[in-house]
Every structure is written in structure tokens, then in C-alpha cells.
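2 protein chains.
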Amino acid sequence: MRNLLLTISYNGSGYCGFQVQQNGVTVAERVQDAIERITGIRSDIKGCSRTDSGVHANMFCINFHTDTPLSCHRMRRALDAVLPEDISAVSVEEVPDDFHARYSCVAKRYIYKIWNAPAKSPFYHNLALHYPRRLDTELLNQAASCFVGTHNFAGFCSTGSNVTDTVRTIYDCTVSRNEDLVTISITGSGFLYNMVRIIVGTLLDINEGKIPPDSLPGIIDSCDRNKAGPTARPYGLYLDKVYYQLPEEFSK
Amino acid sequence: MRNLLLTISYNGSGYCGFQVQQNGVTVAERVQDAIERITGIRSDIKGCSRTDSGVHANMFCINFHTDTPLSCHRMRRALDAVLPEDISAVSVEEVPDDFHARYSCVAKRYIYKIWNAPAKSPFYHNLALHYPRRLDTELLNQAASCFVGTHNFAGFCSTGSNVTDTVRTIYDCTVSRNEDLVTISITGSGFLYNMVRIIVGTLLDINEGKIPPDSLPGIIDSCDRNKAGPTARPYGLYLDKVYYQLPEEFSK
């Protein structure tokens, strides 16, 4: 059996996440439907992550075993044609048998999009958080840099998670503006449940003066969920990049 | 009565254009609904242009007369809150009584978005044309420059239009790429029916080698609709800017 790495991109607005234990359509189901339509067999698929309901992905990796004789090129084209409008098949490649989309992953980048203008955007409904108050990207960048490094992020994890090791390494955390669109970008070795959304909620609290920026290192060290900001809404969040090799810039 | 200039932005996917003689919901109706809900009176509104079904607007200007005592600031906020998710109220300002959104307009900029990658984009469905074959932006920019100037654009006008003067001035026509998104931008004194979409269809034919680039000046001069390319699909098209004063760069 061949082991194929399928990279997809999806608009999560209409889905209950990639693969969750809920009633409702998931991205995984749609991908399995597409593979079955092309190969005739319903494959078990492994996703690189579990995204929440409403969360999007610019890059999401999946692997599955198949004995289809189709070339990777034809497989991608066929999958892209068969998948619904809100899921695209970006690439298909052959990977070693022991490659696992989730366990082989060494880092991920998430971005969070904020439409920062008085009026809502008709093009970013469900694709960015509408935040009318002006965001101070200089202040937020200073605050964001406090997350970089290896920390115990227990305070930035929603209850209900059964993870015991809450230490994660953040390689990069920056805030940038392109006209009315502000993007928070976070790259890390791994992320706890809702960790990015709680980091974003904390940065928004800092922008509003509810949390003094210089108290942030203490809030991280406290490991107290109640000291961090609220969990930002899901629909501004995108899994943006999945790393199977750590780039040199992060591996020093 | 006050004369108010309302600037909106809209995602045209769900509308039969701004104001057309068809069955189906129009943007104008939704704007009139919103004004009526706030002022209590259904105002007659004047739009800067008639956009086709499925066409979008980053900036679209409307004027209407009202005796509401609300400030422009409050009026904008109330309209933005009442308008549906795919229409936003960007600004409201008081204008002289003789200002007319359409007749006072001296130039407009349209952009046409093309998603130029092998896989479709889950985020640009209905918001850009998916064109998998690689676009040569250098070649297209050279061709685009042929449209600049004052020409008789009779060959770039769909039949069914009853306009007699088909001479228009194009100030700027450029093609740019931002990763997989290619944008064709056209600024002109005015546009004939489907003119931008036929210009885009012609540029795509040039990219495919169906029309030799050096024949373009002759095609324009011929005033023959059959020599130009096909009318590109509506959903990549955006009214991007409306000018009520010609910028210095265009007025030489």
C-alpha cells in the first residue's frame, strides 16, 4: 500500500471542525467521501491536528494508505474536482510508510485575522473577527514577544483538556497590519487546547487596557487560566502552515 | 432636506446586482430597507453605477435625501448594524444638494481578481475567477497598456446597450500578482456595458495565445465586438473606487 500525504485548504465556516465527536458535518468526512469516490475504497485518514468548529486552514495535512494506481498529480486533480467548494486539494505526494500527518509534525503556524475598521467587512464574515476599536500593533507586538520561548502554558489551555505536559515552545509570535486587516501569527512546537485563541483574547485585553502589558510574563508564569484573557472566537483562526522539518531559523 | 452620501461595500454573490430590472433581490432594496428602518421613511436612492449580478464592490456610492436629525456618525453606525452581513456601511457624509452619486462621478476604478493556482481556493469561491493556467503578468501588463488613453471602445461593449457615444478614456490598466492572486486594475472616465469583463476576457485570450498581443491596438480600433475576447465571468469583478474629483495623476 502507498502512503499518500494530501495537503488541503478549507473554509471551516460550514464544518464542525476537522474531526470532532459531535453531530454535524466534518471536513474529514468530506475528504473521506472524495477519496472513496476516486479510489472506490473508504480509507482511514490521519489529520495533522483537530481544528475546532468554524476554524479554517490555509494548509492542513492528511495521510492515508491506498493501493490506487493513480499518479499523485492525477489524484490531486481528481480530489480537487470532487471536493466541495470550501475544501481544496493543494497537493498530493508519496511519503515513507511510517510518515504520520500528526506524529511526524514538528511545528505549526496559526494565524488569527482581525478586521479592524469601524464598519464590518462583507468579505470577511466568518473569516475574521470584526474588532472596531483601533488595534495598537506596536503595543501588541511587544506583548506578543513575551510568548516566545519555552513556557508552561497551563494558563492558556481550556479546561476539558486531558493533556498532562503543558510545556510548549513558541518560536515566533508577531502582529502585523495590512490596511484594515490585522494578522496575529504564532509558530510553535505544539499547542494546547484553545491556546492560540486564549493568546489572542489576552492580546485584545491588553489593547483595551484590561491587562497591563508588563504583567504578561507573570500571567504566563502563574499557570492560572483565570488571569489570562478570554478565548477569542474561532472564525478568525487559521491553521496556516504545518512543518515536518523545523526551519533553521527556529532550530538554534 | 439633507443630501447624504452613503458609501457602502458589498459582497455581490447573493444579489442580482445593485439595481436591475429582474426578479431577485438587489443591493439597492436592502439599502432602502435599512434606511427605512432607521429614518421611518423609504427614501429614493441614487447609486453611482449599475453593477451586474454577482459583481462586488469595495466602494459604492449612494446619495439620498432625508430629514433625519441623526448625525452622519450615528447614521453610519446604525446602517452598518441593520444592513445584512454582505453589505457594510463604510461612511456617511453630508453633501451639497446638487450632488448626485452617478452624475457627479468623474472616474471609477474596477478590479478583477483571478485565483491563479492549480487548486481552487476555498476562500475565493464567488470572489475571484479560478484560472489554473499560469498567468504571465509581464505579457499581460504590456497588453493592458494598449487600453490606456481615449479610444472608441465600441468593440468592448455587449450588445443590448443603447449608449451612442462609445468613446471612453482609460487612465490606468495594470496587472499585478500577490502570490496566487492576480489582480487586473482599470481606472477610467466611464465604462460601457460589460467593458471591464470583455477587457479581462481579451487579456485571458492573449495569455492563452488565442490573440497575438501586437494585434490588440488593431482590435480596439476595429470597434468589432467579435474580434475582442469573451466576456469574463462576473464574480471576479469589483467596483473598487469611485472618484468625484479626478486625481492629479490622471488630469494631465
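Protein chains in written order, with my numbering: chain A, 30 to 281; chain B, 30 to 281.
For every residue, glycine included, the Cβ atom is placed at its ideal position computed from N, Cα and C.
- In this chain, the alpha helix (DSSP H) harbouring V229 of chain A covers 224-236.
- For D269 of chain A, the enclosing beta strand (DSSP E) stretches over residues 266-272.
- Interface with chain B (8 Å Cβ-Cβ cutoff): N40 of chain A is included.
- Within the stretch 135-153 of chain B, contact with chain A at the beta-carbon level (separation under 9 Å) is assigned to A146, P147, A148, K149, S150, P151, F152.
- When DSSP assignments are scanned along the stretch 118-193 of chain B, the uninterrupted stretches of beta strand (DSSP E) that are 3 or more residues long and fall wholly within it turn out to be 136-144, 178-181.
- Residues of the stretch 178-195 of chain B whose Cβ lies closer than 8 Å to any Cβ of chain A: none.
- For I64 of chain B, the enclosing alpha helix (DSSP H) stretches over residues 56-68.
- A Cβ-Cβ distance of about 7 Å is found for the pair L156 of chain A and Y264 of chain A, placing them in contact under the 8 Å criterion.
- Around the beta-carbon of T36 of chain A, 16 or more other beta-carbon atoms lie within 10 Å, marking it buried.
- When 8 Å is used as the limit between beta carbons, L156 of chain B is near these residues of chain A: F152, in chain order.
- CA-to-CA, the gap between K142 of chain A and V211 of chain A works out to about 6 Å.
- Interface annotation, V119 of chain B: in contact with chain A, CB-CB separation under 8 Å.
- In the three-state reduction of the DSSP assignment, F93 of chain A falls in the strand class.
- P151 of chain B counts as buried, since at least 16 other C-beta atoms from the protein chains shown sit within 10 angstroms of its C-beta.
- Cβ neighbours of Y222 of chain B within its own chain (closer than 8 Å, five residues either side excluded): C186, S187, G189, S190, V192.
- Measuring C-alpha to C-alpha distances from A136 of chain B to each of B:P241, B:N145, B:D201, B:N32 identifies B:D201 as the nearest.
- Looking at the DSSP output, H85 of chain A bridges to A:Y267.
- Two segments are said to touch when three or more pairs of C-beta atoms, one from each, lie closer than 8 Å; by this definition the stretch 95-106 of chain B does not touch the stretch 255-274 of chain A.
- Contact check between the stretch 232-245 of chain B and the stretch 161-181 of chain B: three or more CB pairs, one atom from each, fall below 8 Å, which counts as touching.
- Note on geometry: alpha-carbon atoms of R71 of chain A and I227 of chain B lie some 45 Å from one another.
- Residues are counted here when their Cβ sits less than 8 Å from a Cβ of chain A; for the stretch 83-114 of chain B these are H85, R105, R106, D109, E114, given in chain order.
- A straight line joining the alpha-carbon of R197 of chain A with that of G178 of chain A spans about 8 Å.
- Using beta-carbon distances, I116 of chain A counts as an interface residue toward chain B, with a partner under 8 Å.
- R254 of chain A sits in coil when the DSSP states are folded into three classes, being neither helix nor strand.
- By the criterion of a C-beta distance shorter than 6 Å, I64 of chain B is surrounded in its chain by S72, once the five residues flanking it on both sides are discounted.
- Per DSSP, the continuous beta strand (DSSP E) segment holding R31 of chain A begins and ends at 31-39.
- C202 of chain A carries a strand assignment under DSSP once its states are collapsed to helix, strand and coil.
- Going by C-alpha positions, S120 of chain B is about 16 Å away from Q61 of chain B.
- Taking the Cβ atoms as the reference, L169 of chain A lies roughly 4 Å from V204 of chain A, within the contact range of under 8 Å.
- Collapsing the DSSP output to three states places S214 of chain A in a strand.
- Here the alpha carbons of H102 of chain A and C77 of chain A stand approximately 22 Å from one another.
- Minimum Cα-Cα distance from S42 of chain B among the listed residues B:M30, B:I248, B:D127, B:H154 corresponds to B:H154.
- Counted as a single uninterrupted DSSP element, the stretch harbouring D73 of chain A is not any alpha helix (DSSP H), since DSSP gives it neither H nor E.
- Looking from the CA of E208 of chain A, the closest CA among A:W144, A:D250, A:V124 belongs to A:W144.
- Boundaries of the alpha helix (DSSP H) around L108 of chain A: 101-111.
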